[in-house]
Amino acid sequence: MVRRMRTPSAIAERLAQTIGKMPPRLEYFIPTVTLELDAELEALFWFVITGICYQTHRLKGKIGNRELHGSDYMIGSALRTLQEAQNFWQPEHLLTLNPDELRSMFSDDGISAHSTLDRVEERLELIRDMMHLLKEKYNSRVMNIYNFAEGKVAGKSGVLSRLAEFKAYSDPTQKKSNLLVLYLNKRGIWRVADPESIQPPVDYHVMRVALRLGLVSIDDPCLNEKLRARRPVSAEEDATIRQHIQSALMNLVTKHRVDLFNLDSALWMVGRNCCLKDTPVCQYEQCTRAGVCTLVDALNYTCKLRCPFADYCSGAMDDEFRSLTETNFSSIYY
Ligand code: SF4
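Below, the structure written as structure tokens:
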């Protein structure tokens with residue numbers, strides 16, 4: 001059977017249908033602890049962890065019997081400190097955190113030398129900046145970012161503009177800010193007045209999947225070639241591609257009525273499990289990642305040992321699309 005390449009709008013339509021059939025499990029994406037937490041402590045936790053959660057592919061470890069990597073391990077091990085040592089999660093303490101303490105949090109046995117966390121000084125600097133500004137402008141309370149914005153996401157005094165003043169949240173496409181607002185709104189901690197103003201967060205997994213799907217096309221041949229050859233791109237080029245993808249994803253939300261949280265969860269999980277950078281599963285007859293795949297833990301979805309998007313994805317039909325990948329751009333943002 002010869003399969004025809006689809007237009008971006010036909011792909012968007014099919015994608016919206018697929019995502020409607022794979023709702024996320026909230027507890028996987030926004031896990032919590034068994035203790036009753038007050039809203040401020042929970043908001044502080046997600047504010048700090050989201051702020052330092054970027055480029056985590058080297059991070060790994062074990063929690064209980066489970067081998068975790070990347071952001072799963074970052075969140076899981078930080079939650080352990082929230083459960084066991086709430087004094088750690090105080091703005092005054094975070095302000096004076098040293099490299100050993102940060103590494104210890106992300107280590108299986110609490111021994112700093114056993115941690116696989118990298119870019120430690122850089123992440124510490126972001127935490128210090130967050131705590132400094134929080135003290136100076138918000139009386140050391142994350143809830144005040146939301147309160148002072150009167151619950152609004154958009155606008156000059158909205159939550160997104162306020163978050164942009166923190167170094168960790170200063171990226172042009174506001175990936176971490178949108179993700180933080182999306183999560184806190186979903187948890188009911190920041191019940192925002194204008195949820196329609198939350199924009200799709202575009203991280204590197206989401207970017208790779210959107211490009212390979214054919215949801216957007218990069219018309220600039222030079223940039224297209226850079227993506228295929230995995231050559232470094234400038235900050236402007238990176239932001240242009242992310243904005244392009246963000247608009248295409250927003251179209252899925254507004255035109256196809258896809259829930260933004262569900263959309264982000266599904267694309268991200270497919271990106272980190274099926275649409276791997278070097279070995280997308282659609283290049284094989286059948287996926288062999290059962291046992292290490294986390295997609296079925298995170299989404300209510302019955303896996304058929306192939307990528308959920310394979311029936312209409314451009315990358316499944318065309319090597320040129322499949323060779324596209326995320327931008328080669330190093331930053332503290334994604
Ligand atoms: S079908 Fe292939 S290229 Fe497309 S999203 Fe799935 S793994 Fe990636």
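The opening residue of the sequence shown carries number 1 in this note's numbering; numbering runs sequentially from there.
All C-beta atoms in this analysis are idealised placements derived from N, C-alpha and C, irrespective of residue type, glycine included.
Source: prediction; values computed, not measured.
Exercise. For the 8 Å Cβ check, are there 3 or more pairs between the region 150 to 170 and the region 110 to 121?
Worked result: no
For this session: Closer than 6 Å by C-beta to Gln86: which residues in its own chain qualify, once you throw out the five before and the five after it? Chain order, please.
Result: Locating residue 86 in the sequence shown gives position 86, where the first residue counts as 1. Cβ within range, chain order: n/a, list empty.
Exercise. Would the beta-carbon of Ile11 fall within 7 Å of that of Leu215?
Worked result: As a working note, residue 11 is residue 11 in the sequence shown. As a working note, residue 215 is residue 215 in the sequence shown. Result yes, Cβ atoms of Ile11 and Leu215 sit closer than 7 Å.
Problem set entry | Inter-residue Cα distance where the pair is Leu295 and Thr96 | For the purposes of this step, residue 295 is taken as residue 295 along the sequence shown, with counting starting at 1. For the purposes of this step, residue 96 is taken as residue 96 along the sequence shown, with counting starting at 1. The alpha-carbon atoms of Leu295 and Thr96 are separated by roughly 37 Å.
For this session: Look at the alpha carbon of Leu263 and the alpha carbon of Leu324, and state the distance between them as a whole number of angstroms.
Result: Looking up residue 263 in the sequence shown gives position 263. Looking up residue 324 in the sequence shown gives position 324. Going from the Cα of Leu263 to the Cα of Leu324 covers about 21 Å.
Exercise. Whose beta carbon lies closer than 6 Å to any heavy atom of the ligand SF4, going through the chain in order?
Worked result: Val209, Arg212, Leu213, Val270, Cys274, Cys275, Pro280, Val281, Cys282, Cys307, Phe309, Ala310, Cys313, Gly315, Ala316 and Arg322
Problem set entry | Gln243 versus Phe88: straight-line alpha-carbon distance, rounded | The sequence position of residue 243 within the sequence shown is 243, counting from 1. The sequence position of residue 88 within the sequence shown is 88, counting from 1. Each residue's Cα considered, the two are about 37 Å apart.
For this session: Excluding the 5 residues preceding and the 5 following Glu225 in the sequence, name in chain order all residues of the same chain whose CB lies nearer than 7 Å to its CB.
Result: On the sequence shown, residue 225 is found 225 positions in, with the first residue counted as 1. So no residue of the chain qualifies.
Problem set entry | Identity of the residue in Ser331, Arg141 and Ser161 nearest Phe45 by Cα | Working through the sequence shown from its first residue, we reach residue 45 at position 45. Of the listed residues, the one whose Cα sits closest to Phe45 is Arg141.
Exercise. So who's on the other strand from Glu67, going by DSSP bridges?
Worked result: One-based indexing of the sequence shown puts residue 67 at position 67. Bridge partners of Glu67: Lys62.
For this session: From the DSSP output, in three-state form, read off Asn139 for me.
Result: On the sequence shown, residue 139 is found 139 positions in, with the first residue counted as 1. Coil, per DSSP.
For this session: Counting only runs of 4+ residues fully inside the region 13 to 37, write out the alpha helix (DSSP H) ranges in chain order.
Result: 26 to 29
For this session: Taking only the alpha-carbon atoms, compute the straight-line gap between Lys176 and Pro201 and give it to the nearest angstrom.
Result: As a working note, residue 176 is residue 176 in the sequence shown. As a working note, residue 201 is residue 201 in the sequence shown. Each residue's alpha carbon lies about 7 Å from the other.
Problem set entry | Residue(s) in a DSSP beta bridge with Leu299 | By 1-based counting over the sequence shown, the position of residue 299 is 299. Paired residues: Pro24.
Exercise. What separation, rounded to the nearest whole angstrom, lies between the Cα atoms of Asp108 and Cys222?
Worked result: Residue 108 sits at position 108 when you count from the first residue of the sequence shown. Residue 222 sits at position 222 when you count from the first residue of the sequence shown. Using only the alpha carbons, I get a separation of about 45 Å.
Exercise. Does the region 230 to 249 touch the region 37 to 56, meaning 3 or more C-beta pairs lie closer than 8 Å?
Worked result: no
For this session: Would you mind reading off the limits of the alpha helix (DSSP H) that contains Val159?
Result: Within the sequence shown, residue 159 is the residue found at index 159, counting from 1. Residues Val159 to Leu163.
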